[in-house]
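Per numbering that gives the first Met the number 0, the sequence shown starts with residue 0, numbered consecutively. We treat Cβ as the ideally placed atom computed from N, Cα and C, and that holds for glycine.
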Amino acid sequence: MDKIVVFETYYNPIEANIVKARLIDSGVQCFLSDENTITINPLYTQALGGVKLHLFEKDVELARSILQDELAEIPLTAEAEVADIEVCPKCGSSNVGYVQATKKRFGIFTIIVSLLLMVYPFHARKTYHCFNCENEF
């Protein structure tokens with residue numbers, strides 16, 4: 000009878016399920032423990048030691064090689080993030096965020112409806128805001 004060992008421990012149940020699905024898809028029998036408890040109450044993560052991925056001791060090297068191959072196929076995301084950075088048209092700064100507008104937050108229609116219904120306007124306009132020159136675009 001093969002011995003079952005804890006292969007890895009994850010603090011994020013979603014990540015644990017992704018790894019489990021990759022291993023099962025590759026033919027490695029495995030299961031997760033403490034997943035439901037940590038999903039329902041994330042504060043127990045430290046107390047329980049995270050979500051544990053169990054598999055047979057004979058499959059440890061195979062699982063490591065499968066996950067190592069997966070890591071080699073993942074592209075670097077830093078290059079993709081650099082291409083998506085917004086630049087302020089006024090000062091050229093990249094210190095820009097997509098936030099709730101500080102100038103002209105509400106449209107005239109939103110103001111009229113909120114006055115008629117006597118409620119705070121829930122819909123507020125979002126724009127890109129430069130934190131260097133305070134420009135909104």
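For residue i, the three-state DSSP class (helix, strand or coil)
i: Phe55; result: strand
i: Gln174; result: Outside the shown range of the chain, which is 0 to 136, sits residue 174, and nothing can be said about it.
i: Ser32; result: strand
i: Ile3; result: strand
i: Val95; result: strand
i: Lys125; result: strand
i: Val50; result: strand
i: Glu85; result: coil
i: Leu60; result: According to the sequence displayed, residue 60 carries Glu and not Leu. Looking at Glu60 - three-state DSSP - the assignment turns out to be helix.
i: Ser25; result: coil
i: Glu112; result: It should be pointed out that residue 112 corresponds to Val in this sequence rather than to Glu. Of the three classes helix, strand and coil, the one that applies to Val112 here is helix, per DSSP.
i: Asn16; result: helix
Burial state of residue i, where buried means 16 or more other Cβ atoms lie within 10 Å
i: Gly96; result: exposed
i: Ile37; result: buried
i: Cys132; result: exposed
i: Tyr9; result: buried
i: Pro88; result: exposed
i: Cys90; result: exposed
i: Pro41; result: exposed
i: Lys19; result: buried
For residue i: DSSP bridge partner residues
i: Tyr10; result: Answer is none; Tyr10 lacks a bridge partner.
i: Glu135; result: His128
Same chain, Cβ closer than 7 Å to residue i, five either side skipped, listed in chain order
i: Ala62; result: Phe6, Leu22, Val27 and Leu54
i: Asp1; result: Phe55, Glu56 and Lys57
i: Ala79; result: With a pLDDT of 47 at Ala79, under the threshold of 50, the predicted position of this residue should be treated as unreliable, though the coordinate-derived value follows. No residues qualify anywhere along the chain.
i: Ala15; result: Tyr9, Leu31, Glu34, Val50 and Leu52
Cut-off 6 Å between Cβ atoms - residues of its own chain near residue i, not counting five sequence neighbours on either side
i: Ser92; result: Cys129 and Asn131
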